[in-house]
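Shown next, in structure tokens, is the structure this report addresses.
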Amino acid sequence: MKKIIILFFILLAAGCINKENKSSVENIFAEKNNWLSLPDNITYKADVFYIYPTVCVSENSNMCSIDNSQMQNSAKRVLKLQADAFKNTANIFAPYYTQYDIDIFEYSNYKEIQANIRKNTKGLQEIYDALDYYFNHYNNGRPFILASHSQGSAMMQIVLSDYMKNHPEYYKNMIAAYVVGYPITKEFMLENPHLKFAAGANDTGVIVAFEVQAPDKAGVDALYTEGRLVINPLSWKIDEELVHADKNLGTLNQKDLTITTPGIADAKLDLKKGVVICSTIDESMYQIPIPSVFGTGSYHGQSFQLYYVNLGENAKERIDNFLSEKN
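Numbering-wise, the sequence shown is residues 201 to 527 according to this note's numbering.
Okay, here's the thing in structure tokens:
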């Protein structure tokens, strides 16, 4: 049962790989079937490079390889729940990559998760190779957004701290990085002075991060860590003012992919915990039912869906601002 439940989301941690950023001699991302999303036509002036969360369900090991059919099929579903928030704004690129099954993180804490991600050198190198191929063959100098969730966001931390640091020629065109469902901490930002956290709705070259919980969140939380940074996905401010659900432009229903307008989720920051508190949805319906990792009252799996339209509109605002600043 637990294996079925996690077909959409979950976590992982940050680590590092080949500091020299060397791609494979024959880049596997020259093959279109290694891409989850690869546009047939370039429609927009900006791109999104998306890294999906945990969708691996492995019966015989704790990992799914890049060509695992179950993982690929589940990733296609999650793409619609998350990255498609940007589909009317940007061209969406997303590679497949080797990832862990959720079982490896049962009863873990944040440091243990970080240690585990460092062992997935194959998956991390695949992400690097995909970025290399994207920038060399598909990007053509367009500004871009990075977007990710959970395990994908753990990978994205490495992209930001390592790959973008080593490639300032690409980083200068980064509009924003939506690193959702995994901690971005004050310590991480201090260790990476080339990065900055978002402070408003239209600043660019910034990291946007948040995790969503119920007011009565209880039990374990494998993602808990001190100094976690967060921004309100309705107001795009860093304060503890409650933003009511009538400011929510639309929530995505993950069962039938319909959008409820206005959205059903309010948002209030708990700056001490570094999370978004949502008080207007049914906890029993929306919490992620994996108590061995998230306890109760975690909306980890719903981060994109609850604020779906706001995320797309905010990306458009940041893109427009970036383009206007460049002109």
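We put the beta carbon where it would ideally sit given N, CA and C, even for glycine.
Check                                                                                                                                                                                                 : Outcome
Mind checking which residues open and close the alpha helix (DSSP H) that includes lysine 372?                                                                                                        : No alpha helix (DSSP H) contains lysine 372, which DSSP labels as neither H nor E.
Evaluate tyrosine 307 with the Cβ neighbour count: other Cβ atoms within 10 Å of its Cβ, from every protein chain shown; 16 or more gives buried, anything less gives exposed.                        : exposed
Are at least three pairs of beta-carbons, each pair with one atom in the region 290-298 and one in the region 407-414, less than 8 Å apart?                                                           : no
Let's test the definition: count the other Cβ atoms within 10 Å of the Cβ of aspartate 240 and tell me whether it reaches 16, buried, or not, exposed.                                                : exposed
Let me check understanding here. Comparing Cα to Cα, which of Asn260, Leu395 and Val255 lies closest to glutamine 351?                                                                                : Val255
According to DSSP, is arginine 518 helix, strand or coil?                                                                                                                                             : helix
What does the alpha-carbon distance come out to for the pair lysine 222 and threonine 404?                                                                                                            : With a pLDDT of only 44 at lysine 222, under the threshold of 50, the placement of this residue in the model should not be trusted; the figure read from the coordinates follows. Straight-line Cα distance between these residues: approximately 28 Å.
Could you check what DSSP says for arginine 277 in three-state terms: helix, strand or coil?                                                                                                          : helix
Would you give the residue range spanned by the beta strand (DSSP E) that lysine 322 belongs to?                                                                                                      : Where lysine 322 is concerned, there is no enclosing beta strand (DSSP E), although the alpha helix (DSSP H) it sits in stretches over 321-333.
Given that a residue counts as buried once 16 or more other Cβ atoms are within 10 Å of its Cβ, and exposed if not, what is isoleucine 317?                                                           : buried
Is there a Cβ of chain E sitting closer than 8 Å to that of aspartate 439, yes or no?                                                                                                                 : The chain inventory of the structure shown lacks chain E, comprising one protein chain alone.
Whole beta strand (DSSP E) runs in the region 344-422 with 3 or more residues, listed along the chain?                                                                                                : 344-349, 374-380, 406-408 and 412-418
Please go through the same chain and pick out, in chain order, the residues whose beta-carbon is closer than 7 Å to the beta-carbon of asparagine 514, but skip the five residues on each side of it. : Ala401 and Trp436
Please state whether the Cβ-Cβ distance between leucine 449 and proline 462 is less than 8 Å.                                                                                                         : yes
Could you compute how far the alpha carbon of lysine 372 sits from the alpha carbon of isoleucine 438?                                                                                                : 25 Å
Could you check what DSSP says for glutamine 506 in three-state terms: helix, strand or coil?                                                                                                         : Reading off the sequence shown, one finds leucine at residue 506, where the question assumed glutamine. Here leucine 506 sits in helix by DSSP.
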